Every structure is written in C-alpha cells, then in structure tokens.
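A.B. asks: Below you will find the structure I want to go over with you.
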Amino acid sequence: MSGRVLGIDEAGRGSLVGPLVVGGFCLTEDRLGELVELGAKDSKALTAGARERVFAGLGAIGTPVHIVLSPRTVDGAVRRGRLNDLEADAFARIVRELAPEVAIVDACDPNEHRFGARIARLAGTRTRVVARHHADRDFPVVGAASVVAKVRRDRAIARLREKLGGDLGSGYPSDPRTIRFVRSVLAAEASLPPWVRGSWATMQRVKPRRPARTLDGFLP
8 MSGRVLGIDE AGRGSLVGPL VVGGFCLTED RLGELVELGA KDSKALTAGA
58 RERVFAGLGA IGTPVHIVLS PRTVDGAVRR GRLNDLEADA FARIVRELAP
108 EVAIVDACDP NEHRFGARIA RLAGTRTRVV ARHHADRDFP VVGAASVVAK
158 VRRDRAIARL REKLGGDLGS GYPSDPRTIR FVRSVLAAEA SLPPWVRGSW
208 ATMQRVKPRR PARTLDGFLP
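Going by the numbering used here, the first residue of the sequence shown is number 8, and it counts up by one from there.
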C-alpha cells in the first residue's frame, strides 16, 4: 500500500448565516486516479447535483471527515483577529486525527509557508503539510475535501431553512434573499439569533435602524 494523502479545505468562511465547515478527505496515493475518475474537483466548479454525486462516491475510495464551526465560534475568532488561526486549529485537528504521510491544504493566509508550518506545529505529527493557494483547484484530493465541506454546509443551511420556514437563500451577504430574511428576523427579535454572524461588517447595514429621538421626548 502506498502512502496516504489528505486534502483539507473549508466552506462558509465569508457567510453571514450558518456554520463554517472544514472538510477533509484522505486516501492512499495509488487511488488518486479513481478520485479523478469520480470527478472530484473544486466544489465551486460543480453544480449542487454533481457535488452530491461526488460526495456519495467518496466513501468507497477513502475517508471523508468534517468539522463544524458555529457562527458564535467564528464571531469570537473574528473579534480577536484570529479567524485564520481558527481555521489552522481545525485543519490541524483533522491532520492529527488521520495522521497521513502528506497533507495538502488550501491556504487562507497570504503566506502559504506560515500557514502550513502552523498546521504542522499544531498537529504534532510527522505529517508533511503542504499549504497552497487555490489548492482546491489544483489538487483533486483538496477538491474532494472542498466537496465534503460544501455538501455538509449546504445540508446545514437546508436544515436551518426548514427550521426557520423562510427564504433564507444561500446564507452569503451577496445574496439579496439572505439579506432580506436576516433583516426581517432582526426587526422582530430583540437579540441576535445564534445562526447569524454578528461580527461581520455586513451586519451594520442589515440591522434595522432605530428612529432618532428628538428633544421633544425630553421636554415637559
């Protein structure tokens, strides 16, 4: 048996609603050809149906894993300026769990080497960690990991949509449906729902504006 290769990527980093999901996929090097035949690639290059089809076939080739990071967890990291560190910690957990010979990860840090070195240090294994920008596009094993992350996140959003009973949209701030839905919920609730990320700058334009109080309210 040849050495094991692990790919890691995330989905939902920039979302206004729902979790950030880190996905991993591990297989032996001699099965990489099967992964290509299955059609594993950057999840953004696949339709929702194609992602589900690829995801369904991954278990027969290797080991898919994922970690869900809640909006509150993401908010806490963003407010401390540690979102990249949060991702590195989650990536390292997957490396430590599977302990492959090589891990290829999609780098969110502008400095690829720094990001990879941090993951290797946190994992504490003998795994060689390779961090690259656009790794989901360039390495099928990372593309498979991106499919795992995206499918798991899409399913989480679908469950949330069903629970809330409204047109939640994709959950991203670029989606007008998401903005309308979040704005309507915030107008009706006194506190921020746990499924919304309050640390995003987008929240400043989504929050309903309260009418300004005039001096008339203070005069006898």
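Using N, Cα and C, we set each Cβ at its ideal position, and we do this for glycine too. In this text the structure is predicted, and so the values were computed from the model without any measurement.
Buried or exposed for R11, going by 16 or more other Cβ atoms inside 10 Å?
C.D. replies: In the sequence shown, counting from the first residue as 1, residue 11 sits at position 4. By the Cβ-count criterion, R11 is buried, with 16 or more other Cβ atoms from all chains shown falling within 10 Å of its own Cβ.
A.B. asks: Whose CA, out of R20, D116, R204 and P147, lies closest to the CA of I34?
C.D. replies: Walking along the sequence shown from the start, residue 34 turns up at place 27. The amino acid occupying residue 34 in the given sequence is Leu; Ile does not appear at that position. It is P147 whose Cα lies nearest to the Cα of L34.
A.B. asks: Ignore the nearest five residues each way along the sequence and tell me which others in A99's own chain have a CB closer than 6 Å to its CB.
C.D. replies: One-based indexing of the sequence shown puts residue 99 at position 92. So the qualifying residues of the chain are I126, L129 and A130.
A.B. asks: Considering only the beta carbon of each residue, do S4 and R58 sit closer than 8 Å?
C.D. replies: Look at the range of the chain in this structure, 8 to 227, and you will see that residue 4 is not part of it.
A.B. asks: Am I right that L23 and T209 are in contact with their C-beta atoms under 8 Å? What's the rounded C-beta distance?
C.D. replies: Stepping through the sequence shown from its first residue, residue 23 is reached at position 16. Stepping through the sequence shown from its first residue, residue 209 is reached at position 202. Right, the Cβ-Cβ distance comes to about 5 Å (below 8 Å), so this counts as a contact.
A.B. asks: Taking the alpha carbon of R60 as the reference point, which residue from E44, L193, H73 and V72 has its own alpha carbon closest?
C.D. replies: Counting from 1 along the sequence shown, the entry for residue 60 is found at position 53. Checking every option, the nearest Cα to that of R60 belongs to E44.
A.B. asks: Count the other CB atoms within 10 Å of the CB of P183; is the residue buried (16 or more) or exposed (fewer)?
C.D. replies: By 1-based counting over the sequence shown, the position of residue 183 is 176. When all chains shown are included, P183 counts as exposed.
A.B. asks: Return the CA-CA distance between R79 and I15, expressed in angstroms with no decimal places.
C.D. replies: Along the sequence shown, read from residue 1 onward, the residue named residue 79 stands at position 72. Along the sequence shown, read from residue 1 onward, the residue named residue 15 stands at position 8. Computed Cα separation, rounded: 22 Å.
A.B. asks: Between which residues of its own chain and L105 is the CB-CB distance below 8 Å, once the five residues before and five after are set aside?
C.D. replies: Taking the first residue of the sequence shown as position 1, residue 105 is located at position 98. If we look at L105 and ignore the five residues flanking it on each side, its Cβ neighbours are R11, L13, G31, C33, T70 and V72.
A.B. asks: By Cβ distance, which residues of its chain are closer than 6 Å to V109, with the 5 residues on each side in sequence left out?
C.D. replies: The residue labelled residue 109 in the question sits at position 102 within the sequence shown. Same-chain partners within the cutoff: V12 and R135.
A.B. asks: Which class does L129 belong to by DSSP, given the choice of helix, strand or coil?
C.D. replies: Residue 129 sits at position 122 when you count from the first residue of the sequence shown. Here L129 sits in helix by DSSP.
A.B. asks: Would you tell me roughly how many angstroms separate the C-alpha atoms of S191 and L171, rounded to the nearest one?
C.D. replies: The residue given as residue 191 occupies position 184 in the sequence shown. The residue given as residue 171 occupies position 164 in the sequence shown. Using only the alpha carbons, I get a separation of about 12 Å.
A.B. asks: Exposed or buried, what is R87 when buried is set at 16 or more other beta-carbons lying within 10 Å of its beta-carbon?
C.D. replies: As a first step, residue 87 is located in the sequence shown; it is residue number 80 there, counting from the start. When all chains shown are included, R87 counts as exposed.
A.B. asks: Suppose you measure from the CA of V213 to the CA of R20; what does that come to, to the nearest Å?
C.D. replies: Numbered from 1 along the sequence shown, position 206 holds the residue referred to as residue 213. Numbered from 1 along the sequence shown, position 13 holds the residue referred to as residue 20. Those two C-alpha atoms are separated by around 19 Å.
A.B. asks: Taking its Cβ as the centre, do 16 or more other Cβ atoms sit within 10 Å of D174, making it buried, or is it exposed?
C.D. replies: Here residue 174 refers to the residue found at position 167 of the sequence shown. Label assigned to D174: exposed.
A.B. asks: Assign D113 to one of three DSSP states: helix, strand, or coil.
C.D. replies: One-based indexing of the sequence shown puts residue 113 at position 106. Here DSSP, grouped into helix, strand and coil, assigns D113 to strand.
A.B. asks: Out of F122, S77, R103 and V112, which one is the CA nearest neighbour of N91?
C.D. replies: Counting from one through the sequence shown, the residue named residue 91 turns up at place 84. That would be F122, whose Cα lies nearest to the Cα of N91.
A.B. asks: Please work out which residues of its chain come closer than 6 Å, Cβ to Cβ, to V75, disregarding the five sequence neighbours upstream and downstream, and give them in chain order.
C.D. replies: If you number the sequence shown from 1, residue 75 lands on position 68. Listed in chain order, the non-local C-beta contacts of V75 below 6 Å within the same chain comprise P26 and V28, local neighbours out to five positions each way being set aside.
A.B. asks: Anyone know if the C-beta pair for A151 and L65 falls short of 8 Å?
C.D. replies: As a working mapping, residue 151 is identified with position 144 in the sequence shown. As a working mapping, residue 65 is identified with position 58 in the sequence shown. It is a contact, given that the beta carbons lie within the stated cut-off.
A.B. asks: How close, in whole Å, do the beta carbons of D143 and D96 come, if the pair is a contact with beta carbons under 8 Å?
C.D. replies: Within the sequence shown, the letter at position 136 stands for residue 143. Within the sequence shown, the letter at position 89 stands for residue 96. 20 Å between Cβ atoms; not a contact.
A.B. asks: May I ask you to report which of helix, strand or coil DSSP gives R190?
C.D. replies: In the sequence shown, residue 190 corresponds to position 183, counting from 1. If DSSP states are grouped into helix, strand and coil, R190 belongs with the helices.
A.B. asks: Identify the residues that DSSP records as bridge partners of I15: which are they?
C.D. replies: For the purposes of this step, residue 15 is identified with residue 8 of the sequence shown, where counting begins at 1. I15 is bridged to G31 and V112.
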